[in-house]
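Engineer: To start, I am sharing the structure in question, which I have written as structure tokens.
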Amino acid sequence: MILFIMVVFTLTSCDQKEKTIISLKNVEASSKQLQDVELYNLHYKSDGLDIGGYVLKPVKLKTRAPVLIFNRGGNRNESMVDWNLIHYELASWARKGFVVIASQYRGNQASEGKDEFGGADVDDVLHLVNVAKELPYADSENIVMLGYSRGGMMAYLAAKKGMPIKAMAVVDGFTDLFDTYNSREQGMTDVLDELVGSPVADRSKYKDRSAVYWANKINVPTLILHGQKDWRVSVKQADELAKKLRENHKEYKYISYPNEDHSLLNHYKQSHAEILNWFNHYLK
35 MILFIMVVFT LTSCDQKEKT IISLKNVEAS SKQLQDVELY NLHYKSDGLD
85 IGGYVLKPVK LKTRAPVLIF NRGGNRNESM VDWNLIHYEL ASWARKGFVV
135 IASQYRGNQA SEGKDEFGGA DVDDVLHLVN VAKELPYADS ENIVMLGYSR
185 GGMMAYLAAK KGMPIKAMAV VDGFTDLFDT YNSREQGMTD VLDELVGSPV
235 ADRSKYKDRS AVYWANKINV PTLILHGQKD WRVSVKQADE LAKKLRENHK
285 EYKYISYPNE DHSLLNHYKQ SHAEILNWFN HYLK
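Using the working numbering, read the sequence shown as starting at 35 and increasing by one per residue.
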């Protein structure tokens, strides 16, 4: 009898250990943007850490919906997924029929761990595949990814690591942290010094995070959108990655927008139409 109890306890513990989702709590919201969308506060496991995030889904689903993984920009507590981003970005994709999953990454007020700006925190994106598999309304065989700024870098890294996604779109994404370090103000160089290290002493870490050095490893159809007047991430970075993808015969499309700054706010409708068309082309 004692042996039986021990076996049951072990099986139960193993089953719980295999689950990625820690909690998924419905968030009541009455805004116009969320009237056809269900919003959930998500906590999930990544490398033993409790990571925060959100899940959004259309209210009415007749079948499993494709998954859109959204990678936010910023670092630590800066540019976290907030109500504004939920209302005007994430909810718009849920209304288009996607199950949207967005991570806050590690190292901020919503999550445990330390932000490494493209280091081990990439695992927080990779584990979202398991989150999707545990959502009964999500089609985990049809996943696309959208990344803004730092989130674009995270998308490239996830692709390099073989994340099973059908297509990805990157808006104003980092592709060369050496260029970022040499061209940005001290506030950004301080962030890189603290989270990544010195571009001289820690050169390998910078290369590991810079897609221009390993474009040959990006095997996901990639849409690159970038503002030509972007002062946070130079358009030169997008130009160079597009060149490397072309040289390596990768499947990609590159659009740069004249007189547009970071996030393409003046081309919201056009850029979102491009992204949706790109995703729909590769989804089953």
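Using N, Cα and C, we set each Cβ at its ideal position, and we do this for glycine too.
Please name the residue in 241, 198, 231 whose C-alpha comes closest to that of residue 317.
Structural biologist: Of all alpha-carbon atoms in 241, 198, 231, the one lying nearest the alpha-carbon of residue 317 is that of 198.
Engineer: Measuring CB to CB, does residue 146 end up less than 8 Å from residue 84?
Structural biologist: Result yes, Cβ atoms of residue 146 and residue 84 sit closer than 8 Å.
Engineer: To the nearest angstrom, how far is the alpha carbon of residue 156 from that of residue 137?
Structural biologist: 10 Å
Engineer: Report the start-end ranges of each beta strand (DSSP E) in the segment 165 to 221 that is 3 residues or longer and not cut off at the edges.
Structural biologist: 172 to 182, 201 to 205
Engineer: Under the DSSP definition of a beta bridge, which residues are partnered with residue 76?
Structural biologist: Residue 76 is bridged to 58, 87.
Engineer: Which residues in the same chain as residue 276 place their Cβ atom closer than 8 Å to its Cβ, once the five residues preceding and following it in sequence are excluded?
Structural biologist: 258, 286, 288
Engineer: Would you mind reading off the limits of the alpha helix (DSSP H) that contains residue 260?
Structural biologist: Element bounds for residue 260: not the alpha helix (DSSP H) but the beta strand (DSSP E), 256 to 261.
Engineer: Can you say whether residue 302 is buried or exposed, counting buried as having 16 or more other CB atoms within 10 angstroms of its CB?
Structural biologist: The residue in question, residue 302, is exposed, as its Cβ has fewer than 16 Cβ neighbours within 10 Å.
Engineer: Identify the continuous beta strand (DSSP E) that holds residue 132 and give its terminal residues.
Structural biologist: Here residue 132 belongs to no beta strand (DSSP E), and DSSP marks it neither H nor E.
Engineer: Quick one: residues in its chain with C-beta nearer than 6 Å to the C-beta of residue 87, no 5 flanking neighbours on either side, listed in chain order?
Structural biologist: 76, 136, 137, 138
Engineer: Keeping to the same chain, check which residues put their C-beta closer than 7 Å to that of residue 173; ignore five residues upstream and five downstream.
Structural biologist: 98, 99, 100, 101
Engineer: Please classify residue 39 as buried or exposed, where buried requires at least 16 other C-beta atoms within 10 Å of its C-beta.
Structural biologist: Here residue 39 scores only 32 on pLDDT, less than 50, and its place in the model is too uncertain to base an answer on.
Engineer: In angstroms with no decimal places, state the Cα-to-Cα distance between residue 105 and residue 124.
Structural biologist: Whole-angstrom Cα-Cα distance: 11 Å.
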